[in-house]
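The letter at position 233 of the sequence shown is residue 233 when you use my numbering, and the numbering goes up by one with no holes. Where is the CB? At the ideal position from N, CA and C, for every residue including glycine. Bear in mind that the values here come from a model prediction, so they are computed numbers and not experimental data.
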Amino acid sequence: MATTKTHSTKSRVQVKPFTTNTEFLSEYKEMLIALCRKKRATAKTEEEDDEDLGDRSYKHRNREKLPQSSPSDATEAATKYDLKLRDLRARVEATVTSDQISLPLKDVSREYGLNDIEESVLVSILFYNNDRSFERKLDSVSNQSHPSVRTFINLFGEDPEGRQRVRALFLRTGTLMKYGLLDAMRWNHMSEDDFLNHHLEVPLSVSNLVFGESAELESEIDCVRVIQPAGSLDDLILPDSKKAEIQEAARGGLVLLHGKSGTGKSSVTQSMAASLGSRLMVVRTPEYLNGPCDDRPYLMMTLKQARLHKAIIVFENADRLLDPDPDETMIEDFSEEFSNFDGTVILTSRSEPDQACLMAQQADFIIGLDVPEPKDREALWRKFLPEGSILGPDIDLNRIAQNLSLTGGQIKKLALQVQKRASLRPEGQRQISLADLSRTQSRYQAGQVSSNSPSSVITPTVTLSDVVLTEGLRSNVEEILKAAGSREKVLNAWGFGTHYSTGHGIAALFYGESGTGKTLTAEAVAGELKKPLRMIPLSGMMSKYVGETEKRIVEVFRSASASNEILLADEADSLFTARISGNEHHAYYINNHINCLLSEMDRFSGIVILSSNRALALDEAFERRIGWKLEFPKPSVELRENLWRKLIPSTAPLGNDIDFHELAVEYDFTGGLIRQVLLKAAFVAAAENAPISLNHIRQAARTERFNKVITKGNTPAIGFRAAV
Numbered sequence: 001m002a003t004t005k006t007h008s009t010k011s012r013v014q015v016k017p018f019t020t021n022t023e024f025l026s027e028y029k030e031m032l033i034a035l036c037r038k039k040r041a042t043a044k045t046e047e048e049d050d051e052d053l054g055d056r057s058y059k060h061r062n063r064e065k066l067p068q069s070s071p072s073d074a075t076e077a078a079t080k081y082d083l084k085l086r087d088l089r090a091r092v093e094a095t096v097t098s099d100q101i102s103l104p105l106k107d108v109s110r111e112y113g114l115n116d117i118e119e120s121v122l123v124s125i126l127f128y129n130n131d132r133s134f135e136r137k138l139d140s141v142s143n144q145s146h147p148s149v150r151t152f153i154n155l156f157g158e159d160p161e162g163r164q165r166v167r168a169l170f171l172r173t174g175t176l177m178k179y180g181l182l183d184a185m186r187w188n189h190m191s192e193d194d195f196l197n198h199h200l201e202v203p204l205s206v207s208n209l210v211f212g213e214s215a216e217l218e219s220e221i222d223c224v225r226v227i228q229p230a231g232s233l234d235d236l237i238l239p240d241s242k243k244a245e246i247q248e249a250a251r252g253g254l255v256l257l258h259g260k261s262g263t264g265k266s267s268v269t270q271s272m273a274a275s276l277g278s279r280l281m282v283v284r285t286p287e288y289l290n291g292p293c294d295d296r297p298y299l300m301m302t303l304k305q306a307r308l309h310k311a312i313i314v315f316e317n318a319d320r321l322l323d324p325d326p327d328e329t330m331i332e333d334f335s336e337e338f339s340n341f342d343g344t345v346i347l348t349s350r351s352e353p354d355q356a357c358l359m360a361q362q363a364d365f366i367i368g369l370d371v372p373e374p375k376d377r378e379a380l381w382r383k384f385l386p387e388g389s390i391l392g393p394d395i396d397l398n399r400i401a402q403n404l405s406l407t408g409g410q411i412k413k414l415a416l417q418v419q420k421r422a423s424l425r426p427e428g429q430r431q432i433s434l435a436d437l438s439r440t441q442s443r444y445q446a447g448q449v450s451s452n453s454p455s456s457v458i459t460p461t462v463t464l465s466d467v468v469l470t471e472g473l474r475s476n477v478e479e480i481l482k483a484a485g486s487r488e489k490v491l492n493a494w495g496f497g498t499h500y501s502t503g504h505g506i507a508a509l510f511y512g513e514s515g516t517g518k519t520l521t522a523e524a525v526a527g528e529l530k531k532p533l534r535m536i537p538l539s540g541m542m543s544k545y546v547g548e549t550e551k552r553i554v555e556v557f558r559s560a561s562a563s564n565e566i567l568l569a570d571e572a573d574s575l576f577t578a579r580i581s582g583n584e585h586h587a588y589y590i591n592n593h594i595n596c597l598l599s600e601m602d603r604f605s606g607i608v609i610l611s612s613n614r615a616l617a618l619d620e621a622f623e624r625r626i627g628w629k630l631e632f633p634k635p636s637v638e639l640r641e642n643l644w645r646k647l648i649p650s651t652a653p654l655g656n657d658i659d660f661h662e663l664a665v666e667y668d669f670t671g672g673l674i675r676q677v678l679l680k681a682a683f684v685a686a687a688e689n690a691p692i693s694l695n696h697i698r699q700a701a702r703t704e705r706f707n708k709v710i711t712k713g714n715t716p717a718i719g720f721r722a723a724v
């Protein structure tokens, strides 16, 4: 006994572990070839083989009879097979003990609980498709031209009971079929002969695993893919505290990751996987749940595949799984399987999960991704502008980051598009300008609001220096600009944003007679802040259809918020009025419109400017929400003279008789009327091929309906921008 034990110990010590997965698979194949030879050698006469399921097919096809073998041949073949099997098992054990390399086939077997026969079936099919010599050996077992259920019944079934056990491995409930390790059969109306002769195939994802492929892997399910993650936590432009939270969450458990589109959810999930040296299994949740995958076996298979791929699994756009309804069986199934999963599961959504939902109660981490802070937005601009980009003198990335509250995804898209726009210009003119950014942003935002909306977006072409203002009015407008510039600091750094749940936006009312420059000033505000201006004629928002007005209001405000637009609500008196008391039918709908408008103003985090031709009898709730109410009266004589001078382009030919002071005194016009008069005078002068004269201007002024001689007591006001 002692001698035997010493010899056995010595043998174990001398066993060499496998050095590569290829070496392991090669020896596994030699063991299976030895098994095929054993089965051939033990085959007796044709009559004896007729009892065999496989040979009935062989006889039916009039194939060549198997040659008889002697008992000594069968014994020798069996001995060689036993030695091959014993050596293979010993080397596998030594390899696992040494922990120097991974044996993916054994990982698959362990994960799915495969027995020895199931494992051998799996790898036999792979060898069959990759080795012609092995193909011939396996075909000889059942005399078929493909691996089938019959093939493996013949190969592994030693007696009638053994044959039935092997047959059962290929049923729908068997591990190989249940978890997709073999391609599923078409079970409907399948005969026994169809079943036994079914061509067995291994999905590409499984074969990639067994062969140790590290490239991007496919899944049996179309809406699931396995990728090698790109990036790392260090690459994320996030606060250090957020990075630490993400790093901790990556180590295991259920993670709910929420944030609006473009906030970096995809980058975060990839960095989480990369930090662990893992792959990332990405599930497109809406497709996954709407297909055949919404039942528990498919989920179990998906999670097992994640383990096999050594992957973190992320269910993207998983809002349906965050439904707070506790009665939905599917959600309960998912919750239970996630609890049993020993890896990391991430569910992403655009909105913060309801704390009442089952997943939120079960989650180990709930992480929110917000629009980046200004300093992070500047870093994102620098990161995403392509290498070699040339910035013009009017591009100040710090100021752009302060003024454009964009997500990382939006910044990336804009940065690439603005560089592309600049690159299309001739050599030497490819500097990125502020105009490039404004035009690109406007085109990027096009289509954010439905085509039925009466609103339109313009790219500002003026700034405050282009507009004629009195000192008092200019000071008020500059105050609005200062509030916009310091908004991030007040709301975020100083904590007012969390202290006050609403009222994060800036609202102003510009009112005064038509033509006094309200719209131009609003455009100048947008130009100073380098933001697009969305112009909304509020009368056009009204609809005769129930609920349509409210729908349009919500659409415009939320689109403007997402696109960082300034809103100019013209004809504000059509909606921004006091609510109506009483039981009249129309009062109900008017009050609904006003309530909807109040709600959206509370939610809106940008700048909204109301414009009206007269002072409004505002609802008390509107009064509280509007921080600046600026009157735009008609211009004084001094400002009118300035307007007459500046609204004529420097390139226009003028007669020597023009007296701008005389025109300012004679005509009590707004800036809008002055511009109109000058245009009409210019048309007449051009037709006569003559310079613009005082007579041309006076004739044009007489056609204006509202002209009159100036009277005393004029008050200072706003004018129009100077012509170029």
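(message) Strictly by DSSP, which residues pair up with residue 631?
(response) Position 631 of the sequence shown, counting from 1, holds the residue named residue 631. DSSP, once it has assigned bridges, lists 511 as partnering residue 631.
(message) I'd like the span of the alpha helix (DSSP H) that includes residue 496, first residue to last.
(response) Locating residue 496 in the sequence shown gives position 496, counting from the first residue. 496-499 is the span of the alpha helix (DSSP H), which, as asked, contains residue 496.
(message) Within the continuous alpha helix (DSSP H) that includes residue 418, where are the two ends?
(response) By one-based count along the sequence shown, residue 418 stands at place 418. Unbroken alpha helix (DSSP H) run through residue 418: 408-423.
(message) I'd like the list of long-range same chain contacts for residue 363, defined as Cβ closer than 6 Å, with 5 residues on each side in sequence excluded.
(response) As a working mapping, residue 363 is identified with position 363 in the sequence shown. Hits under 6 Å: 254 and 256.
(request) Please report the Cβ distance between residue 611 and residue 549, rounded to the nearest whole angstrom; I am assuming they are in contact, meaning their Cβ atoms lie under 8 Å. (result) The count along the sequence shown starts at 1 and reaches residue 611 at position 611. The count along the sequence shown starts at 1 and reaches residue 549 at position 549. Contact doesn't hold; Cβ gap of about 19 Å is too wide.
(message) Helix, strand or coil, according to DSSP, for residue 611 in the structure here?
(response) Mapped onto the sequence shown, residue 611 falls at position 611. In the structure shown, residue 611 sits in a strand (DSSP, three-state: E or B).
(request) Answer yes or no: does any C-beta atom of chain C fall closer than 8 Å to that of residue 274? (result) Looking at the structure shown, chain C is missing, and only one protein chain is on hand.
(request) Confirm, please, whether the CB-CB distance from residue 127 to residue 32 is below 8 Å. (result) Position 32 of the sequence shown, counting from 1, holds the residue named residue 32. Position 127 of the sequence shown, counting from 1, holds the residue named residue 127. Yes, Cβ-Cβ distance for residue 32 and residue 127 is below 8 Å.
(request) Look at the Cβ atom of residue 657, then the Cβ atom of residue 598, and state whether they are nearer than 8 Å. (result) Position 657 of the sequence shown, counted from the start, is the residue given in the question as residue 657. Position 598 of the sequence shown, counted from the start, is the residue given in the question as residue 598. Cβ atoms of residue 657 and residue 598: not closer than 8 Å.
(request) Taking 8 Å as the cut-off, decide whether the C-beta atoms of residue 167 and residue 149 are in contact. (result) Indexing the sequence shown from 1 puts residue 167 at position 167. Indexing the sequence shown from 1 puts residue 149 at position 149. Contact flag set, yes.
(message) Quick check on residue 169: does DSSP put it in helix, strand or coil?
(response) By one-based count along the sequence shown, residue 169 stands at place 169. Looking at residue 169 - three-state DSSP - the assignment turns out to be coil, as it is neither helix nor strand.
(request) Count the other C-beta atoms from every protein chain shown that fall within 10 angstroms of the C-beta of residue 156, then say buried if there are 16 or more, exposed otherwise. (result) On the sequence shown, residue 156 is found 156 positions in, with the first residue counted as 1. When all chains shown are included, residue 156 counts as buried.
(request) List in chain order: all unbroken beta strand (DSSP E) runs of 3+ residues lying wholly within the region 348-412. (result) 365-368
(message) Quick check: the Cα distance between residue 370 and residue 691, rounded to an integer number of angstroms?
(response) Start at 1 with the first residue of the sequence shown, and residue 370 comes out as number 370. Start at 1 with the first residue of the sequence shown, and residue 691 comes out as number 691. The alpha-carbon atoms of residue 370 and residue 691 are separated by roughly 59 Å.
(message) For a test of the three-state rule: what should DSSP assign to residue 253, helix, strand or coil?
(response) Within the sequence shown, the letter at position 253 stands for residue 253. It is a strand residue.
(request) Using a threshold of 8 Å, state whether the C-beta atoms of residue 209 and residue 108 are closer than that. (result) Residue mapping note: residue 209 aligns to position 209 of the sequence shown, counting from 1. Residue mapping note: residue 108 aligns to position 108 of the sequence shown, counting from 1. In this structure, residue 108 lies closer than 8 Å to residue 209 by Cβ.
(request) Keeping to the same chain, check which residues put their C-beta closer than 7 Å to that of residue 14; ignore five residues upstream and five downstream. (result) As a position in the sequence shown, residue 14 is number 14, starting the count at 1. Around residue 14: no qualifying Cβ.
(message) Could you check whether the Cβ of residue 624 sits closer than 7 Å to any heavy atom belonging to the ligand ATP?
(response) Inclusion of the ligand ATP in the displayed structure is not the case, the ligand content being empty and no account of it being possible.
(request) Go ahead and label residue 216 buried or exposed: buried means 16 or more other beta carbons lie within 10 angstroms of its beta carbon, across all protein chains shown. (result) Here residue 216 refers to the residue found at position 216 of the sequence shown. For residue 216, the predicted structure reports a pLDDT of 48, less than 50, and the residue's modelled location is therefore unreliable. A value from the coordinates is still provided. Counting Cβ neighbours within 10 Å, residue 216 comes out exposed, since fewer than 16 surround it.
(message) Going by DSSP in three states, residue 199 sits in which element: helix, strand or coil?
(response) Counted from its first residue, the sequence shown places residue 199 at position 199. It is a strand residue.
(request) Can you tell me which of 310, 669 and 532 puts its alpha carbon nearest to the alpha carbon of residue 560? (result) Residue 560 sits at position 560 when you count from the first residue of the sequence shown. Of the candidates 310, 669 and 532, the one whose C-alpha sits nearest the C-alpha of residue 560 is 532.
(message) Here's a check: name, in chain order, each residue in its chain whose Cβ is nearer than 7 Å to the Cβ of residue 30, leaving out the five neighbours to either side.
(response) One-based indexing of the sequence shown puts residue 30 at position 30. Cβ within range, chain order: 84.
(message) At the level of alpha carbons, what is the spacing between residue 137 and residue 152?
(response) As a first step, residue 137 must be located in the sequence shown, where it is residue number 137. As a first step, residue 152 must be located in the sequence shown, where it is residue number 152. Going from the Cα of residue 137 to the Cα of residue 152 covers about 13 Å.
(message) Would the region 273-287 count as touching the region 222-232 if we require 3 or more Cβ pairs under 8 Å?
(response) yes
(message) Let me make sure I understand the geometry here. Which of 110, 311 and 608 has the alpha-carbon closest to that of residue 480?
(response) What you label residue 480 is simply residue 480 of the sequence shown in a count that begins at 1. Here the closest residue by C-alpha is 608.
(request) Let me know the secondary structure DSSP gives residue 146 once reduced to three states. (result) By 1-based counting over the sequence shown, the position of residue 146 is 146. Coil at residue 146, not helix or strand.
(message) For a quick check, are the C-beta atoms of residue 418 and residue 440 less than 8 Å apart?
(response) Taking the first residue of the sequence shown as 1, we reach residue 418 at position 418. Taking the first residue of the sequence shown as 1, we reach residue 440 at position 440. Yes, they are a contact pair.
(message) Using a 10 Å radius around the Cβ and a threshold of 16 neighbouring Cβ atoms, would you call residue 52 buried or exposed?
(response) Here residue 52 is taken as the residue at index 52 of the sequence shown, counted from 1. The predicted position of residue 52 is uncertain, since its pLDDT is 47 and thus under 50; a value taken from the coordinates is nonetheless stated next. The residue in question, residue 52, is buried, as its Cβ has 16 or more Cβ neighbours within 10 Å.
(message) How far does the alpha helix (DSSP H) with residue 663 in it extend, from its first residue to its last?
(response) Sequence index remark: in the sequence shown, residue 663 carries index 663 (1-based). First-last of the alpha helix (DSSP H) with residue 663: 660-666.
(request) Look up residue 14 in the DSSP assignment and say whether it is helix, strand or coil. (result) The count along the sequence shown starts at 1 and reaches residue 14 at position 14. If DSSP states are grouped into helix, strand and coil, residue 14 belongs with the helices.
(request) Please check the pair residue 262 and residue 407, which I expect to be a contact at CB under 8 Å, by giving their CB distance rounded to whole angstroms. (result) For the purposes of this step, residue 262 is identified with residue 262 of the sequence shown, where counting begins at 1. For the purposes of this step, residue 407 is identified with residue 407 of the sequence shown, where counting begins at 1. At roughly 3 Å, the Cβ-Cβ gap stays under 8 Å, so residue 262 and residue 407 are in contact.
(message) Can you find the residues in the same chain that come closer than 7 Å, C-beta to C-beta, to residue 604, ignoring five residues on each side of it along the sequence?
(response) Taking the first residue of the sequence shown as 1, we reach residue 604 at position 604. Within the same chain, residue 604 has close Cβ partners 505, 557 and 561.
(request) Identify, in the order they occur along the chain, each residue of the same chain with its Cβ nearer than 8 Å to the Cβ of residue 300, setting aside the five sequence neighbours on each side. (result) Numbered from its first residue, the sequence shown carries residue 300 at position 300. The answer, listed in chain order, is 179 and 337.
(message) Suppose you measure from the CA of residue 86 to the CA of residue 37; what does that come to, to the nearest Å?
(response) In the sequence shown, the residue the question calls residue 86 occupies position 86. In the sequence shown, the residue the question calls residue 37 occupies position 37. Distance between the alpha carbons of residue 86 and residue 37: 17 Å.
(message) Applying the 10 Å Cβ sphere with the 16-neighbour rule, what's the burial state of residue 428?
(response) Start at 1 with the first residue of the sequence shown, and residue 428 comes out as number 428. Classification for residue 428: exposed.
(request) Kindly list the residues whose CB is nearer than 6 Å to the CB of residue 402, restricted to its own chain and excluding five residues on each side of it in sequence; keep chain order. (result) If you number the sequence shown from 1, residue 402 lands on position 402. Hits under 6 Å: 374.
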